[in-house]
Structure formats: C-alpha cells, structure tokens
Amino acid sequence: MRPADLVRRKQAGLPVTVLTAWDALSAALVAEAGADAVLVGDSLAMVVLGHPTTLPVTLEEMLHHCRAAARGLAGVCAAGQEPLLICDLPFLSYQCGADEAMAADGRVRKETPAAAVKLEGAEPETLAVIDRMVRSGIPVMGHIGLTPQSVHRLGYRRQGGDAAGRHRLSRDAEALEAAGCFALVLEHVPDELAADLSGRLRIPVIGIGAGDACDGQVRVTADLLGLTARQPPFSPPLLPGRAQAVEALRHWIAAQGRSAHPTSRSAPAAPRC
Ligand code: KIV
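Numbered per my numbering, the sequence shown finishes at 281, counting up by one with no gaps.
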C-alpha cells in the first residue's frame, strides 16, 4: 500500500483503516488483521515506554520501534503487499526549523523502511516544513484536533467546541491539504466537523473520536484491545484484553503452585568435591 492508494480508496468510496504498532509482534497482528496502514505513533511513549505524555520519546526510539514494526510486517506479508508504514516524527524533531525537520525525516528514510511520516499541527512553521518535505518527495500525513504533543497548551480536551475553534480547524485542514499532505488525522473533534471535512477534502480524513462519517478510522491498537490501563473515553476497547490477560496469567501461575512436584523443588545436590 502506498500513500496514493489511500487517496484512491477514498475516491472509490472504500474506508481507510489505520492501526498503531510499536514492535514486530503488534505490527504483525495488525497486518494479519488487514489494516491498510500501520502507524508507529509517538503514543508508544505512553503505551510502551511508560511516559506520562508523548513528549519524551526521542527520534532514536521512534527509529528503533519503527524498524521492529517493519520486521514484523516483513514476517507476515508478501513483498509489496505490506500495509503502508508511517512513522510519527516526535516532539521537537520538526519544530526547530525546516532544516532540522528534513534531517529528522532523512533519518526515518535512511534507517527505516517507513514510506511516510506524520506531523502534528498546522502552524505556519509546520506548514512550511510540510511544504518543503512534500516538494522533496516525502509523503506527509497531517494531524489536527487533539494533538498530544501540545498537551501542555491544549490538554486532552475535545477541540472545535465553539464556532471559532471549528473555523480554525477547517482552515487548518484545508491548509494541510494545500501543503500536500496525502491524508489527515482528525482527533477528538465534533462529528459534524469531521463529516464536513471528509466531504470537502480530496485527501482521506482519518478520524479518532471524530464520528463514523470520516473517510477512515485510526486507533491506538493497545487501546482497541483493552490493554492500556487508562482508555481514552473517545476510543472504547473492543474487548477487556488487559483483564483477560491478567486472568490467564494468574491461572497459569496458580497452576504452577499446584502441579509442582515436591522433589523437583528440593535444593540441588551439594557438589561432590
Ligand atoms: O501516536 C499515535 O498513536 C497517534 C494516533 C492517536 C493517531 O498519533
């Protein structure tokens, strides 16, 4: 799958499904399930690395996890049949100017097989970076609405709650399309706004917490499987994965206690010499 294939899916009226992955195992799972694209999102900072926000994850860590995800895809997909692999550019890898952003993207390109990157926001500086990347042949996915890299300014609140906010998001979405993004993630915004943008934009609008009328949906796989300790209210789990896993492991541990052969637990024989 290539970035242009996601646009073609929209044109054909087909939904676009994007799931996150953080290593070979999770990437293989979402590829086997049939996701169109696999996002190595910076949510791995919270989901996998145990940070309280996405801000601390480094470019080095993103590259490491992206390579692992790519190996997972290669293990289960025929060559050329892999879902599109997208890597998030982490906080401060693209906000310090176009040269640094290009260098960060260059590392993604040279050190992983990811075919596209995702950036948050649509400030003039970000649009300038996206424009330069796209003109250099780099497919870019935009991300507006709730943008976790701006948590200290915006919190995890729904965005676009008032007319001014909705106007700003509409303008940002149009600017990202004009800058050349091949798709746009719209996170935690009113359903009507997401529906309107999906209808108006040529590129696929991929929603999370943005209603059912988007061109596609993206989810953090660990949330969808119910594995994370705190689920975002706008992304309900499909199953109580965490409780089920803990229960299964608890049974296994209890069974070890029951089945242990007394002699197998005795102290090893003292050395003879
Ligand atoms: O990092 C991530 O997982 C994301 C998704 C929520 C879209 O950006």
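For glycine and all other residues, C-beta sits at the position ideal for the given N, C-alpha and C.
**Buried versus exposed call for C95 [16 or more other C-beta atoms within 10 Å across all chains shown]** = Counting from 1 along the sequence shown, the entry for residue 95 is found at position 87. The residue is buried, with at least 16 neighbouring Cβ atoms inside 10 Å.
**Asked** Hey, is H151 close to the ligand KIV, as in C-beta under 8 Å from one of its heavy atoms?
**Response** Taking the sequence shown and counting its residues from 1, the one referred to as residue 151 is at position 143. Yes, since a heavy atom of the ligand KIV falls inside the 8 Å radius drawn around the Cβ of H151.
**Asked** Quick check: the segment 49–60 against the segment 247–262, are there 3 or more CB pairs under 8 Å?
**Response** no
**Prompt:** Out of curiosity, what's the CA-to-CA distance linking L201 and S178?
**Reply:** Along the sequence shown, read from residue 1 onward, the residue named residue 201 stands at position 193. Along the sequence shown, read from residue 1 onward, the residue named residue 178 stands at position 170. Their Cα atoms are separated by approximately 8 Å.
**Request:** Excluding the 5 residues preceding and the 5 following L14 in the sequence, name in chain order all residues of the same chain whose CB lies nearer than 6 Å to its CB.
**Result:** As a working mapping, residue 14 is identified with position 6 in the sequence shown. Once the five neighbours on either side are set aside, the close Cβ partners of L14 are V24, A191 and P212.
**Request:** Check whether the Cβ atoms of G224 and R10 lie closer than 9 Å to each other.
**Result:** As a first step, residue 224 is located in the sequence shown; it is residue number 216 there, counting from the start. As a first step, residue 10 is located in the sequence shown; it is residue number 2 there, counting from the start. No, the pair does not count as a contact, with Cβ atoms beyond the cut-off.
**Request:** Sort L209, L22 and Q239 by Cα distance to G217 and report the nearest one.
**Result:** Counted from its first residue, the sequence shown places residue 217 at position 209. The candidate whose alpha carbon is nearest that of G217 is Q239.
**Message:** I'd like to check one pair, L52 with L27: are the Cβ atoms closer than 9 Å?
**Reply:** In the sequence shown, the residue the question calls residue 27 occupies position 19. In the sequence shown, the residue the question calls residue 52 occupies position 44. Result no, Cβ atoms of L27 and L52 do not sit closer than 9 Å.
**Message:** Using a Cβ-Cβ cutoff of less than 7 Å, which residues in the same chain neighbour Q157 once the five nearest sequence positions on both sides are dropped?
**Reply:** Residue 157 sits at position 149 when you count from the first residue of the sequence shown. The answer, listed in chain order, is T62, L63, F99 and E128.
**Request:** Please confirm whether any heavy atom of the ligand SAH lies closer than 8 Å to the CB of K126.
**Result:** The ligand SAH is not part of this structure, which contains only the ligand KIV.
**Prompt:** So is A40 buried or exposed if we call it buried at 16+ other beta carbons inside 10 Å?
**Reply:** Along the sequence shown, one-based indexing puts residue 40 at 32. Going by the sequence as given, residue 40 is Glu instead of Ala. Classification of E40: exposed, given that the 10 Å Cβ count is below 16.
**Message:** DSSP has G153 in a bridge; who is on the other side?
**Reply:** Taking the sequence shown and counting its residues from 1, the one referred to as residue 153 is at position 145. E195.
**Backbone CA spacing between T155 and P245 [nearest angstrom]** = Counting from 1 along the sequence shown, the entry for residue 155 is found at position 147. Counting from 1 along the sequence shown, the entry for residue 245 is found at position 237. Near 21 Å, if we compare the C-alpha coordinates of P245 and T155.
**Prompt:** Is the number of C-beta pairs between the segment 129–137 and the segment 100–111 that are closer than 8 Å three or more?
**Reply:** yes
**Prompt:** How many Å lie between G21 and A183 at the Cα?
**Reply:** Position 13 of the sequence shown, counted from the start, is the residue given in the question as residue 21. Position 175 of the sequence shown, counted from the start, is the residue given in the question as residue 183. Each residue's alpha carbon lies about 23 Å from the other.
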